[in-house]
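Asker: First residue of the sequence shown: -3, per my numbering; consecutive thereafter.
Glycine included, C-beta positions come from ideal geometry on N, C-alpha and C.
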Amino acid sequence: MYCIAGLTLPLPPTQAVEGLVVLTTFRFLQYGVSRMRAAAAVAKAEAGAIRTLPTTFIGKVVSPVHGIAGFITPVTYLLCVTVNRFMQPGWMQRMSLPHNYTHQETEVALRVAACASTFVLLSFMGRALKHLGNQWHGIGRREKPKLVQTGPYAVVRHPVYIAMLIQQALFSVMFWSYTPLVALGIVAAAFAMKMPIEEELIMKDPAVGAEYRAYMQRVPARVIPFVW
């Protein structure tokens, strides 16, 4: 028996931590997929189909690239650790963060804190998607475009993206692995290419282009205030 985060789990310490991380990872994936599917359905019903898409090669592949990079690590962790009875396989342990710089209790505390932070981040993402409403899209413009400037969008122009980047950093601590940091770099690079393409499509839209240029002046930060 092992007590972690107020829960008594019938597992040895290592398996108990992995079990908590597995549950948190599953919730993240389940929430992300269900919310995106729901948002896409609402957007299509209320704002119409996507009528404008990127025409360049980068514009066409950038969304799948960051989508695959962002999900492959948590999906792999979830499947492999679950099948391996809540223990990381040997090949996965070879990519672990250093264990010799922290006590086991500190490592456990950091991993639990990262799990808790994931639920906080999911709440933030839910709020951002609520404000985005029927304007959700992968990359493109819908038939009835509307500019969203409320909630997190009053602070940065792409709040969902910063949440996704933070989550990759949290995965690194949750899994105690370098691998999500590689995914973080790929996702960040993809976003750096995607955001200008996405914003160019918006500015070319006669319905909201001028309004978006004014919005860019009021909210200069894309994902991190005063930084990016």
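1. Below 8 Å between beta carbons: does that hold for M25 and L75?
2. How many whole angstroms separate the CB atoms of N130 and A39, which I take to be in contact at a CB cut-off of 8 Å?
3. Is I135 helix, strand or coil when you go by DSSP?
4. Of the choices V183, H154, T51 and V204, whose alpha-carbon is the least far from that of M121?
5. Rounded to the nearest angstrom, how far is the Cβ of R218 from that of V152, given a contact under 8 Å?
6. Quick check on T225: does DSSP put it in helix, strand or coil?
7. Is L49 a contact residue of the ligand FMN, with contact defined as CB to any heavy atom under 7 Å?
8. Please report the residue range of the alpha helix (DSSP H) in which H127 lies.
9. Measure the C-alpha to C-alpha separation of F53 and V17 and round it to an integer number of angstroms.
10. Compare the Cα-Cα distances from G225 to each of V204, V215 and R31 and report the closest residue.
Answerer: On the basis of the data shown:
1. With the sequence shown as reference, residue 25 is identified as Leu, and Met is not the correct amino acid for it. In this structure, L25 sits away from L75, with a CB-CB distance that is not shorter than 8 Å.
2. About 5 Å separates the CB atoms of N130 and A39; that is less than 8 Å, so the two are in contact.
3. In the structure shown, I135 adopts coil according to DSSP, grouped into three states.
4. Nearest option by C-alpha distance: H154.
5. Confirmed, about 6 Å.
6. The chain is shown from -3 up to 224; residue 225 falls before or after that span and cannot be answered.
7. Absence of the ligand FMN is noted for the structure shown, with no ligands found whatsoever.
8. Q100 to L128 is the span of the alpha helix (DSSP H), which, as asked, contains H127.
9. So the two alpha carbons sit approximately 37 Å from each other.
10. Residue numbering for the chain in the displayed model covers -3 to 224; residue 225 lies beyond these limits and cannot be assessed.
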